[in-house]
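Chemist: By numbering that gives the first Met the number 0, the letter at position 210 of the sequence shown is numbered 209, and the numbering carries on one by one without gaps.
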Amino acid sequence: MTLADLKTGDKAIITKVKGRGAFRKRIIEMGFVVGKQVIVVKNAPLKDPIEYNILGYEVSLRRSEASLIEVTINGETEARNDYNGVLQIEQSLQLSPVKKSKTINVALVGNPNSGKTTIFNLASHSKEKTGNYGGITVDAKTAKFEHNGYTFNLVDLPGTYSMTSYTPEELYVRDHLINELPDVILNVIDASNLERNLYLTTQLIDMDRKVVIALNMWDEFLEKGDKFDYHALGKMIGIPMVPTVGSRNKGIEELFEKIIDVYEDRDTTVRHIHINYGYRIEKAIKSLQDLLKKEGNEFLTIKVAPRYIAIKLLERDEQGLKRVKDCPNAAEIIETANEEAKDVEKLRNESLETIITDAKYGFIEGALRETLKPAETESKITRSRIIDRVITNKFLSYPIFLLAIWITFQATFLIGDYPMYWIEQLIIISGNFLSRIMPDNMFKDLIIDGILGGVGGVIVFLPNILILFFFITLMEASGYMARIAFIVDKLMHKVGLHGKSFIPMLMGFGCNVPAIMATRTIENKTDRLVTMLILPFMSCSARYPVYILIISAFFTDYRGSLLFAIYMFGILLAGVVAWIMKKTIFKVETIPFVMELPPYRVPVFKSVLKQTWFKGEQYLRKMGTVILAASIIIWALGYFPRGEKIDRETDAKIQQLELSYAAKISQEGTSDEEVNLLT
Numbered sequence: 000m001t002l003a004d005l006k007t008g009d010k011a012i013i014t015k016v017k018g019r020g021a022f023r024k025r026i027i028e029m030g031f032v033v034g035k036q037v038i039v040v041k042n043a044p045l046k047d048p049i050e051y052n053i054l055g056y057e058v059s060l061r062r063s064e065a066s067l068i069e070v071t072i073n074g075e076t077e078a079r080n081d082y083n084g085v086l087q088i089e090q091s092l093q094l095s096p097v098k099k100s101k102t103i104n105v106a107l108v109g110n111p112n113s114g115k116t117t118i119f120n121l122a123s124h125s126k127e128k129t130g131n132y133g134g135i136t137v138d139a140k141t142a143k144f145e146h147n148g149y150t151f152n153l154v155d156l157p158g159t160y161s162m163t164s165y166t167p168e169e170l171y172v173r174d175h176l177i178n179e180l181p182d183v184i185l186n187v188i189d190a191s192n193l194e195r196n197l198y199l200t201t202q203l204i205d206m207d208r209k210v211v212i213a214l215n216m217w218d219e220f221l222e223k224g225d226k227f228d229y230h231a232l233g234k235m236i237g238i239p240m241v242p243t244v245g246s247r248n249k250g251i252e253e254l255f256e257k258i259i260d261v262y263e264d265r266d267t268t269v270r271h272i273h274i275n276y277g278y279r280i281e282k283a284i285k286s287l288q289d290l291l292k293k294e295g296n297e298f299l300t301i302k303v304a305p306r307y308i309a310i311k312l313l314e315r316d317e318q319g320l321k322r323v324k325d326c327p328n329a330a331e332i333i334e335t336a337n338e339e340a341k342d343v344e345k346l347r348n349e350s351l352e353t354i355i356t357d358a359k360y361g362f363i364e365g366a367l368r369e370t371l372k373p374a375e376t377e378s379k380i381t382r383s384r385i386i387d388r389v390i391t392n393k394f395l396s397y398p399i400f401l402l403a404i405w406i407t408f409q410a411t412f413l414i415g416d417y418p419m420y421w422i423e424q425l426i427i428i429s430g431n432f433l434s435r436i437m438p439d440n441m442f443k444d445l446i447i448d449g450i451l452g453g454v455g456g457v458i459v460f461l462p463n464i465l466i467l468f469f470f471i472t473l474m475e476a477s478g479y480m481a482r483i484a485f486i487v488d489k490l491m492h493k494v495g496l497h498g499k500s501f502i503p504m505l506m507g508f509g510c511n512v513p514a515i516m517a518t519r520t521i522e523n524k525t526d527r528l529v530t531m532l533i534l535p536f537m538s539c540s541a542r543y544p545v546y547i548l549i550i551s552a553f554f555t556d557y558r559g560s561l562l563f564a565i566y567m568f569g570i571l572l573a574g575v576v577a578w579i580m581k582k583t584i585f586k587v588e589t590i591p592f593v594m595e596l597p598p599y600r601v602p603v604f605k606s607v608l609k610q611t612w613f614k615g616e617q618y619l620r621k622m623g624t625v626i627l628a629a630s631i632i633i634w635a636l637g638y639f640p641r642g643e644k645i646d647r648e649t650d651a652k653i654q655q656l657e658l659s660y661a662a663k664i665s666q667e668g669t670s671d672e673e674v675n676l677l678t
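(1) For K10, which beta-bridge partners are listed by DSSP?
(2) Of the choices S286, N248, L562 and H271, whose alpha-carbon is the least far from that of E338?
(3) Can you tell me where the alpha helix (DSSP H) with G361 in it begins and where it stops?
(4) Give every residue of the same chain whose Cβ lies closer than 7 angstroms to the Cβ of H271, excluding the five residues on either side of it in the sequence, and list them in chain order.
(5) Determine the direct distance from the alpha carbon of T200 to that of L185, and round the result to whole angstroms.
(6) Going straight from the alpha carbon of R195 to that of L214, what length do you get?
(7) Who are V105's beta bridge partners in DSSP?
(8) Distance, Cα to Cα, V85 vs L176?
(9) Do you know how far the Cα of L534 is from the Cα of D526?
(10) Given T1, which residues of its chain have a CB within under 8 angstroms of its CB, disregarding the five upstream and five downstream residues?
(11) Identify which residue in R384, S560 and F508 has its Cα closest to the Cα of L596.
(12) Have a look at the DSSP bridge pairing and note the partners of N215.
(13) Do F408 and G277 come within 7 angstroms of each other at the CB atom, strictly closer than that value?
(14) Looking only at C-alpha atoms, which of L346, F568, F432 and L254 sits nearest to L401?
(15) For G245, which residues in the same chain have their Cβ closer than 7 angstroms to its Cβ, ignoring the five residues on either side in sequence?
(16) With a threshold of 16 other CB atoms inside 10 Å of the CB of I549, please say whether the residue is buried or exposed.
(17) Our contact map puts T555 next to I466 with C-beta atoms below 8 angstroms; I'd like the distance itself, whole angstroms only.
(18) With H, G and I counted as helix, E and B as strand and the rest as coil, what does DSSP make of I49?
(19) So, at 7 angstroms on beta carbons, what are the nonlocal neighbours of K226 in its own chain, with the 5 sequence-adjacent residues on each side left out?
(20) Quick one: grab the DSSP three-state call for G130.
(21) When the Cα of G452 is compared with those of D439, F220 and I422, which residue comes out closest?
(22) Per DSSP, what are the beta-bridge partners of F227 in this structure?
(23) Do Y171 and N110 have their C-beta atoms within less than 7 angstroms of each other?
(24) How about Q36 and I72: are their beta carbons less than 7 angstroms apart?
(25) Compare the C-alpha of F639 against each of T518, L445 and D342 and name the closest.
(26) What does a CB cutoff of less than 6 angstroms around P242 pick up in its chain, not counting 5 residues either side in sequence?
(27) Mind checking which residues open and close the alpha helix (DSSP H) that includes I428?
(28) Please state whether the Cβ-Cβ distance between P602 and A481 is less than 7 angstroms.
(29) Whole-angstrom Cβ separation of K15 and S100, contact assumed at under 8 angstroms?
(30) Cβ of L496 within 7 angstroms of Cβ of A577?
(31) If you draw a straight line from the alpha carbon of P239 to that of R247, how long is it in whole angstroms?
(32) Can you check which of these residues, Q610, V575 and I584, is closest to L528 by C-alpha distance?
(33) Hey, could you find the ends of the beta strand (DSSP E) K143 is sitting in?
(34) Would you say L156 and A106 are within 7 angstroms of each other, going by their C-beta atoms?
(35) Quick one, which of W612, G361 and D357 has its alpha-carbon nearest N463's?
(36) Could you say which of M531, Q610 and M235 lies nearest to V269 if we only look at CA atoms?
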């Protein structure tokens, strides 16, 4: 709860003051410190600003400023000293929230494939989707859990390589960190690829926030034989580091203990540093910082470090320019940024964005040179490269891909037939049992013919759907999904799309909704829109039972192959439609970009089963809601209106169907001659 959430007359105790720079200094000087009581006096006529009483005098704050001060309602906290006695305000106080609130807001940030969501799931016992390719997390996922007396509010942000405005994910992550002001940022790093992962860390350093680094996949790093003094690197950059193995739940408890220490300012590693970008660039940054710190710009600098804004302005970041447009001296700031950038670029004969990026990597290289010692004898070829020699082979890649998809669909029948038969028999036995023990009435018909017959007719396909989800999850977790995108890249370019568009298409086999969400990982807006428009051609799990029913009824000899052909036809049709769109409506040149191929990893069987069941659980929920309701409606249309009692059971059912609403609906718009021909 913040000051902005309180109503007129409410009393509260301050538990946390967010913000930074001049705003934080001024607000504390005015008495808004942890442990002090504040009273809401009144709102302005337009609801902003708000007048407060603190330390016996009134002060007004804008609603946006008040939202940076967290409080607890008066009465929930008592002032206590070491002797547990209630003290007077004039005395030296030791309040229960005097240090800080026991609620810690943590934002998880990291590169794609760094294991960020795995740590999120382990810590919060959530079931968010994980996979070994980029773009699994396409929106912020939130969770809440208790640990060691603290309440953690976790936010799992989309995986991103940097925080520029190049992709929606990058912009989303940056906006969240700036606007939501998490107490601690958990930077999840793939320990086996330090140099690339630390680039994002350098941007967090520029933002001047509290950060804890999780050196995830530490087991893979140790397998390489490298030696890494992460304690020394942590002291060098002012960020504590904790080795973790997310897939095996190792180091997670220590990680959150470290987050508590950083939050409570108990960790001696934490210190703020500036990356030195060279004398000329530092001079330009200083000039912009001085302009940003002028009076009237507090609305911006209370949330964002002036140095970070200055760097973004020099990089000509579009979002950075938008942020300063409301500053009183916006014209001077933008003009100074342009002049300084031109001078540096003229001197260095290179774009400033490139110069700063090079400086960041130079900083990383220098830091790792002092703390990382590579193994003397490195293996000549990695396991992933050996596998890729076969999987991505120009002759074998497509047959292997088609074989993998064919095996998936064939297995849905060969393996799924057995549990499908068991469920069918269970439904029949249950129906017969209920038929014997229940009296003949409408309720009996509803249970047996409506609910059991309707929902039971769909639930028999659950094993087939679980098998499909199992194989898709297996491909995601192993890293093969990224290879599929890699191998079809050229084919996708033929229709005007990138190989990355193929990943949402494959995800569409499970459900089109998350597949559409996954298109956010596609940088080009046109490609993203075209991909979304062709996704309905992908046969999702909702159509799966219909396919199985028809194929099982009419094509018993080639069930798996025919199902494979249906899905492949959907992909082919999607490609044709995409090609037409790119040649007509969306005739725009595709922007190239780099796509990461993560190393192959042995899927954690337990995790694969969890994800499979989670998807199957969603299917069961649909059966318990939409399908159940539809079954009851269809039963009612066939059951009502009731005619006179008929003795013979068969004739009764025939006559009942002829007189039902369903029959009348089916005959709507049909001529009498057509009805006579049908009967």
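Virtual Cβ for every residue (Gly too), placed ideally from N, Cα, C.
For clarity, every value in this text was computed on a predicted model and none was experimentally measured.
Modeler: Let me lay it out:
(1) Against the sequence shown, residue 10 aligns to sequence position 11. When beta bridges are read from the DSSP output, K10 appears opposite I38.
(2) Your numbering for residue 338 matches position 339 in the sequence shown. Ranking the options by Cα distance to E338, first place goes to S286.
(3) Here residue 361 is taken as the residue at index 362 of the sequence shown, counted from 1. In the DSSP assignment, G361 falls within the unbroken alpha helix (DSSP H) covering L351 to T370.
(4) Residue mapping note: residue 271 aligns to position 272 of the sequence shown, counting from 1. Listed in chain order, the non-local C-beta contacts of H271 below 7 angstroms within the same chain comprise D207 and G237, local neighbours out to five positions each way being set aside.
(5) If you number the sequence shown from 1, residue 185 lands on position 186. If you number the sequence shown from 1, residue 200 lands on position 201. Straight-line Cα distance between these residues: approximately 10 angstroms.
(6) Translated into the one-based positions of the sequence shown, residue 195 becomes position 196. Translated into the one-based positions of the sequence shown, residue 214 becomes position 215. Distance between the alpha carbons of R195 and L214: 13 angstroms.
(7) As a first step, residue 105 is located in the sequence shown; it is residue number 106 there, counting from the start. L153 and V183, per the DSSP bridge assignment.
(8) As a working mapping, residue 85 is identified with position 86 in the sequence shown. As a working mapping, residue 176 is identified with position 177 in the sequence shown. Per-residue confidence for V85 stands at a pLDDT of 27, beneath the threshold of 50, marking its modelled position as unreliable; the derived number appears in the next sentence. V85 and L176 have their C-alpha atoms roughly 39 angstroms apart.
(9) Here the question's residue 526 lines up with position 527 in the sequence shown. Here the question's residue 534 lines up with position 535 in the sequence shown. Each residue's alpha carbon lies about 12 angstroms from the other.
(10) Sequence index remark: in the sequence shown, residue 1 carries index 2 (1-based). Once the five neighbours on either side are set aside, the close Cβ partners of T1 are A65, S66, L67, I68, E69 and V70.
(11) In the sequence shown, counting from the first residue as 1, residue 596 sits at position 597. Nearest C-alpha to L596: R384.
(12) The sequence position of residue 215 within the sequence shown is 216, counting from 1. D189, per the DSSP bridge assignment.
(13) Position 278 of the sequence shown holds residue 277. Position 409 of the sequence shown holds residue 408. Going by C-beta atoms, G277 is not nearer than 7 angstroms to F408.
(14) Taking the first residue of the sequence shown as 1, we reach residue 401 at position 402. For L401, the nearest C-alpha among the options comes from F568.
(15) Working through the sequence shown from its first residue, we reach residue 245 at position 246. Excluding the 5 residues flanking it on each side, G245 has same chain C-beta neighbours closer than 7 angstroms at G114, T117, I118, L121 and N215, in chain order.
(16) Residue 549 sits at position 550 when you count from the first residue of the sequence shown. A residue is called buried when at least 16 other Cβ atoms come within 10 angstroms of its Cβ; I549 does not meet this threshold and is exposed.
(17) Here the question's residue 555 lines up with position 556 in the sequence shown. Here the question's residue 466 lines up with position 467 in the sequence shown. Their Cβ separation, rounded to whole angstroms, is 19 angstroms, which puts T555 and I466 out of contact at 8 angstroms.
(18) For the purposes of this step, residue 49 is taken as the residue at position 50 of the sequence shown. It is a strand residue.
(19) Position 227 of the sequence shown holds residue 226. If we look at K226 and ignore the five residues flanking it on each side, its Cβ neighbours are K372.
(20) As a working mapping, residue 130 is identified with position 131 in the sequence shown. Confidence at G130 is low in this model, with a pLDDT of 48, below 50, so its placement is unreliable and no value can be given for it.
(21) Position 453 of the sequence shown holds residue 452. Comparing Cα positions, the closest option is I422.
(22) Position 228 of the sequence shown, counted from the first residue, corresponds to residue 227. In DSSP, F227 forms a bridge with L371.
(23) Your numbering for residue 171 matches position 172 in the sequence shown. Your numbering for residue 110 matches position 111 in the sequence shown. For Y171 and N110, no; Cβs fall outside 7 angstroms.
(24) By one-based count along the sequence shown, residue 36 stands at place 37. By one-based count along the sequence shown, residue 72 stands at place 73. Q36 is not a Cβ neighbour of I72, given a cutoff of 7 angstroms.
(25) Residue mapping note: residue 639 aligns to position 640 of the sequence shown, counting from 1. In terms of CA proximity to F639, L445 leads the group T518, L445 and D342.
(26) Stepping through the sequence shown from its first residue, residue 242 is reached at position 243. Around P242: L214, W217 and G250.
(27) The sequence position of residue 428 within the sequence shown is 429, counting from 1. I428 -> alpha helix (DSSP H) spans D416 to I436.
(28) As a working note, residue 602 is residue 603 in the sequence shown. As a working note, residue 481 is residue 482 in the sequence shown. Going by C-beta atoms, P602 is not nearer than 7 angstroms to A481.
(29) Locating residue 15 in the sequence shown gives position 16, where the first residue counts as 1. Locating residue 100 in the sequence shown gives position 101, where the first residue counts as 1. Yes, they are in contact, since the Cβ atoms of K15 and S100 sit about 5 angstroms apart, within 8 angstroms.
(30) Position 497 of the sequence shown holds residue 496. Position 578 of the sequence shown holds residue 577. Yes, the pair counts as a contact, with Cβ atoms nearer than the cut-off.
(31) As a first step, residue 239 is located in the sequence shown; it is residue number 240 there, counting from the start. As a first step, residue 247 is located in the sequence shown; it is residue number 248 there, counting from the start. Cα to Cα, the separation comes out at about 22 angstroms.
(32) One-based indexing of the sequence shown puts residue 528 at position 529. The option with the nearest alpha carbon to L528 is I584.
(33) The residue labelled residue 143 in the question sits at position 144 within the sequence shown. Per DSSP, K143 belongs to the beta strand (DSSP E) from K140 to H146.
(34) For the purposes of this step, residue 156 is taken as residue 157 along the sequence shown, with counting starting at 1. For the purposes of this step, residue 106 is taken as residue 107 along the sequence shown, with counting starting at 1. Their beta carbons are under 7 angstroms apart, which means L156 touches A106 by this criterion.
(35) Position 464 of the sequence shown holds residue 463. Ranked by Cα distance from N463, the options W612, G361 and D357 are led by W612.
(36) Working through the sequence shown from its first residue, we reach residue 269 at position 270. In terms of Cα proximity to V269, the closest of M531, Q610 and M235 is M235.
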